[in-house]
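K.L.:
Chains as they are written, first to last, in the UniProt record's numbering: chain A, 1 to 187; chain B, 1 to 187.
2 protein chains.
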Amino acid sequence: MNGKAETAGPRERLLLAAERLLYSRGGSVGVSALLEEASVARRSLYEHFGGKDGLVAAVLRRTADEDLAWYECALGDGDSPRGRLLTLFDRLDELVSDAGFRGCRYLAIDLAFADRDHPAHAETDAYRRRIRALLVRELEALGHARPEHAAEQLHLLLEGTLVMGATQNHQHPARVARDLAAIVLDG
Amino acid sequence: MNGKAETAGPRERLLLAAERLLYSRGGSVGVSALLEEASVARRSLYEHFGGKDGLVAAVLRRTADEDLAWYECALGDGDSPRGRLLTLFDRLDELVSDAGFRGCRYLAIDLAFADRDHPAHAETDAYRRRIRALLVRELEALGHARPEHAAEQLHLLLEGTLVMGATQNHQHPARVARDLAAIVLDG
DNA sequence: TAGCATATAGACCGATCGATCTACTGGCAA
DNA sequence: TTGCCAGTAGATCGATCGGTCTATATGCTA
Chain A
1 MNGKAETAGP RERLLLAAER LLYSRGGSVG VSALLEEASV ARRSLYEHFG GKDGLVAAVL
61 RRTADEDLAW YECALGDGDS PRGRLLTLFD RLDELVSDAG FRGCRYLAID LAFADRDHPA
121 HAETDAYRRR IRALLVRELE ALGHARPEHA AEQLHLLLEG TLVMGATQNH QHPARVARDL
181 AAIVLDG
Chain B
1 MNGKAETAGP RERLLLAAER LLYSRGGSVG VSALLEEASV ARRSLYEHFG GKDGLVAAVL
61 RRTADEDLAW YECALGDGDS PRGRLLTLFD RLDELVSDAG FRGCRYLAID LAFADRDHPA
121 HAETDAYRRR IRALLVRELE ALGHARPEHA AEQLHLLLEG TLVMGATQNH QHPARVARDL
181 AAIVLDG
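Here it is as structure tokens:
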């Protein structure tokens with residue numbers, strides 16, 4: 001699938017394999033499955049990441065960059081600030097309609113590791129702050145009267161869309177959320 | 001804590017213990033932990049529920065009744081149909097503000113058991129249909145022009161509130177959702 | 001009182017978990 | 001050429017997993 005996975009070093013192959021399997025099988029996926037998927041020796045995992053926990057945290061740190069870049073791209077360009085945020089929900093509709101969509105990776109990891117001080121939680125917290133900052137930035141560009149408040153509204157619509165998409169993705173929750181988002185932007 | 005738990009039979013004690021531990025520790029909680037919490041012999045679990053999977057499904061079937069009853073109660077009484085639905089979000093604010101709130105039980109179970117044909121998924125599906133039906137019923141009582149559509153909007157706001165409450169419950173997401181719900185009711 | 005159903009207590013099973021270990025291999029640099 | 005180092009392969013560790021088993025105790029009923 002990804003040619004780089006074949007030629008890259010064991011660290012990179014592990015990150016790619018874990019990014020895939022953690023999403024499709026959840027946080028309970030075993031170390032042996034990750035090693036097999038990555039074609040990496042057992043020892044290499046512990047050399048590079050210290051253990052499964054470190055690998056999970058490293059995957060989230062990487063996907064956070066990827067996902068933030070996706071959101072930046074999904075905002076579109078050339079549109080008005082208002083149109084940019086509405087376009088985001090159009091992209092979300094495509095995202096959650098995909099048969100392979102399984103919900104928000106960060107929420108799933110938070111729920112999978114009940115231990116409060118698992119290193120993954122720091123990564124999910126940081127991710128959500130970045131999402132929030134992105135929304136605030138766009139709302140300020142829009143000249144919204146209450147950017148922080150509206151960002152919380154949009155964030156709630158965002159998370160709600162991902163949950164609804166994961167549990168009943170045939171109903172196009174992103175379109176529902178888009179209608180409400182439009183109201184938020186005008187409020 | 002609950003006096004009934006001491007005197008009730010092993011089946012009832014198991015259901016109560018599993019309802020607690022599945023929520024606080026997640027679906028990965030072990031059978032031994034459940035047995036210890038319930039003070040029940042190992043064999044009794046398999047006699048009554050056939051296995052861990054059956055116990056999980058039975059717990060969800062019970063909590064679905066409890067949670068639906070909670071929603072019916074949270075709608076309040078005597079108010080107008082519009083006031084009833086808004087009151088629901090006031091009750092949600094109290095729910096997610098509790099320090100022990102850990103998000104939606106049904107979503108957590110869905111994510112914990114990636115296996116598509118795990119019996120728990122049928123229970124979570126049924127639960128969501130009942131929630132949806134409750135919302136449609138209230139919207140019809142309200143005389144809403146598009147009860148099905150508005151129910152999907154409210155459902156999305158509901159799920160979004162639970163997710164935001166689980167990950168950042170200091171921000172009162174239910175109040176944010178309530179403002180949007182009010183707009184949905186008038187749309 | 002005898003017998004049966006329903007509990008408990010806990011040993012035990014094979015499988016799998018995350019993690020550590022030794023032994024070996026290939027390539028690169030001193 | 002020698003030595004080092006990152007990598008592979010895989011045995012092995014103790015712990016825990018869900019599930020089955022035997023043995024025993026208790027209480028109701030015929």
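For each residue, glycine too, the CB sits at the ideal point set by N, CA and C.
1. Buried or exposed for B:THR124, please, with buried defined as at least 16 other CB atoms from any protein chain shown within 10 angstroms of its CB.
2. Note down, in chain order, every chain A residue with its Cβ under 8 Å from the Cβ of B:SER39.
3. Can you list, in chain order, the residues of its chain with a C-beta nearer than 6 Å to that of A:GLY103? Leave out the 5 residues immediately preceding and following it.
4. According to the Cβ coordinates, are B:GLY30 and B:ALA108 closer than 8 Å?
5. Between A:ALA58 and A:LEU15, which are expected to be in contact by the criterion C-beta below 8 Å, what is the C-beta distance as a whole number of angstroms?
6. Measure the Cβ-Cβ separation of A:LEU180 and B:GLN171 and say whether it is below 8 Å.
7. Find the nearest neighbour of B:GLU47 within the set B:THR63, B:ALA120, B:PRO10 and B:LEU75, judged by alpha-carbon distance.
8. Give the single residue among B:ALA174, B:GLU140 and B:ALA182 whose Cα lies nearest to the Cα of B:ARG91.
9. Can you tell me which of the three DSSP states B:ALA5 falls into?
10. With distances taken Cα to Cα, identify the nearest neighbour of B:GLY100 among B:ASP53, B:ASP77 and B:ARG25.
11. Quick check: the Cα distance between A:GLY187 and A:LEU88, rounded to an integer number of angstroms?
12. Using a cut-off of 7 Å between C-beta atoms, extract the partners of B:ALA145 located in chain A.
13. Here's the rule I'm using: 16 or more other beta-carbon atoms within 10 Å means buried, otherwise exposed. How should A:THR7 be labelled?
14. Just to confirm, is the Cβ distance from B:GLY76 to B:ARG82 under 8 Å?
15. When the distance is taken between beta carbons, is A:ARG130 closer than 8 Å to A:LEU86?
16. Quick check: does the Cβ of B:ALA38 come within less than 7 Å of any heavy atom belonging to the ligand ZN?
17. Using only the alpha-carbon positions, how far apart do B:ARG128 and B:PHE49 sit?
18. Beta-carbon of A:ARG25 versus every beta-carbon of chain B: anything under 8 Å?
19. Could you tell me which chain B residues have their CB closer than 9 Å to the CB of A:ASP110, listed as they occur along the chain?
20. Is the separation between the beta-carbon of A:ALA120 and that of A:PHE113 shorter than 8 Å?
21. My output table needs one value for A:ALA114: the three-state DSSP class, helix, strand or coil.
22. What does A:ALA114 reach in chain B if we use C-beta pairs closer than 7 Å?
23. Short of 8 Å in beta carbon distance, which residues of its chain neighbour A:GLY51, apart from the five on each side in sequence? Order them along the chain.
24. Along the UniProt domain "HTH tetR-type" (8-67) of chain A, what residues have a CB closer than 8 Å to any CB found in chain B?
25. Go to B:ASP90, then tell me how far its alpha helix (DSSP H) extends in each direction, as first and last residue.
26. If you run the structure through DSSP and keep just helix, strand and coil, what is A:ASP77?
27. Using only alpha-carbon positions, find the residue among A:LEU185, A:GLU94, A:ALA177 and A:ARG116 that is nearest to A:GLY142.
28. Any beta carbon of chain B sitting closer than 8 Å to that of A:GLU152?
29. For B:ARG137, decide whether its Cβ has a neighbour in chain A, counting only Cβ atoms nearer than 8 Å.
30. Under 7 Å between beta-carbons, which chain A residues line up against B:ILE131? List them in chain order, please.
P.N.:
Considering the structure as presented:
1. Residue mapping note: residue 124 of chain B aligns to position 124 of the second sequence, counting from 1. With 16 or more Cβ atoms within 10 Å of its Cβ, B:THR124 is classed as buried.
2. Position 39 of the second sequence holds residue 39 of chain B. Result: empty, since nearest Cβ-Cβ is about 23 Å, beyond 8 Å.
3. The residue you call residue 103 of chain A lines up with position 103 of the first sequence. Excluding positions up to five away in sequence, the list reads LEU162 and ALA166.
4. Sequence index remark: in the second sequence, residue 30 of chain B carries index 30 (1-based). Sequence index remark: in the second sequence, residue 108 of chain B carries index 108 (1-based). No, the Cβ-Cβ distance between B:GLY30 and B:ALA108 is not below 8 Å.
5. Walking along the first sequence from the start, residue 58 of chain A turns up at place 58. Walking along the first sequence from the start, residue 15 of chain A turns up at place 15. The Cβ separation is near 6 Å, so the contact holds.
6. By 1-based counting over the first sequence, the position of residue 180 of chain A is 180. By 1-based counting over the second sequence, the position of residue 171 of chain B is 171. Contact: no.
7. The sequence position of residue 47 of chain B within the second sequence is 47, counting from 1. Among B:THR63, B:ALA120, B:PRO10 and B:LEU75, the Cα nearest to that of B:GLU47 is on B:PRO10.
8. As a working mapping, residue 91 of chain B is identified with position 91 in the second sequence. Of the candidates B:ALA174, B:GLU140 and B:ALA182, the one whose C-alpha sits nearest the C-alpha of B:ARG91 is B:ALA174.
9. Position 5 of the second sequence, counted from the first residue, corresponds to residue 5 of chain B. Note that B:ALA5 has pLDDT 41, beneath the 50 cutoff, so the model's placement of it is unreliable and no number is given.
10. Walking along the second sequence from the start, residue 100 of chain B turns up at place 100. For the residues B:ASP53, B:ASP77 and B:ARG25, the minimum Cα distance to B:GLY100 belongs to B:ARG25.
11. Counting from 1 along the first sequence, the entry for residue 187 of chain A is found at position 187. Counting from 1 along the first sequence, the entry for residue 88 of chain A is found at position 88. Spanning the two alpha carbons is a distance of roughly 18 Å.
12. In the second sequence, counting from the first residue as 1, residue 145 of chain B sits at position 145. Near B:ALA145 there are no residues of chain A at all, since even the closest Cβ is about 14 Å away, more than 7 Å.
13. Taking the first sequence and counting its residues from 1, the one referred to as residue 7 of chain A is at position 7. That one is exposed.
14. Stepping through the second sequence from its first residue, residue 76 of chain B is reached at position 76. Stepping through the second sequence from its first residue, residue 82 of chain B is reached at position 82. Taking 8 Å as the Cβ cut-off, B:GLY76 and B:ARG82 do not qualify as a contacting pair.
15. Along the first sequence, one-based indexing puts residue 86 of chain A at 86. Along the first sequence, one-based indexing puts residue 130 of chain A at 130. Contact flag unset, no.
16. As for the ligand ZN, it is missing from this structure, which has no ligand bound.
17. Taking the second sequence and counting its residues from 1, one reaches residue 128 of chain B at position 128. Taking the second sequence and counting its residues from 1, one reaches residue 49 of chain B at position 49. Rounded to whole angstroms, B:ARG128 to B:PHE49 spans 23 Å at the Cα level.
18. For the purposes of this step, residue 25 of chain A is taken as residue 25 along the first sequence, with counting starting at 1. By this cut-off, A:ARG25 is an interface position.
19. Within the first sequence, numbered from 1, the residue matching residue 110 of chain A stands at position 110. Under the 9 Å cutoff, chain B gives GLY103, ALA166 and THR167.
20. Within the first sequence, residue 120 of chain A is the residue found at index 120, counting from 1. Within the first sequence, residue 113 of chain A is the residue found at index 113, counting from 1. In contact: A:ALA120 and A:PHE113 (Cβ atoms closer than 8 Å).
21. Against the first sequence, residue 114 of chain A aligns to sequence position 114. Residue state, collapsed to three classes: coil.
22. As a first step, residue 114 of chain A is located in the first sequence; it is residue number 114 there, counting from the start. What A:ALA114 touches in chain B: ARG25 and GLY26.
23. In the first sequence, residue 51 of chain A corresponds to position 51, counting from 1. Counting only Cβ-Cβ distances below 8 Å, and skipping sequence neighbours, we find LEU45.
24. SER24, ARG25, GLY26 and SER28
25. Here residue 90 of chain B is taken as the residue at index 90 of the second sequence, counted from 1. Its alpha helix (DSSP H) spans residues 81-97.
26. What you label residue 77 of chain A is simply residue 77 of the first sequence in a count that begins at 1. A:ASP77: coil per DSSP, three-state reduction.
27. On the first sequence, residue 142 of chain A is found 142 positions in, with the first residue counted as 1. Here residue 142 of chain A is Leu; the residue named in the question, Gly, does not match the sequence. The shortest C-alpha separation from A:LEU142 is found at A:LEU185.
28. Position 152 of the first sequence, counted from the first residue, corresponds to residue 152 of chain A. Judged by the 8 Å Cβ criterion, A:GLU152 is in contact with chain B.
29. The residue you call residue 137 of chain B lines up with position 137 of the second sequence. B:ARG137 does not count as touching chain A.
30. Residue mapping note: residue 131 of chain B aligns to position 131 of the second sequence, counting from 1. Simply none; closest approach about 11 Å.
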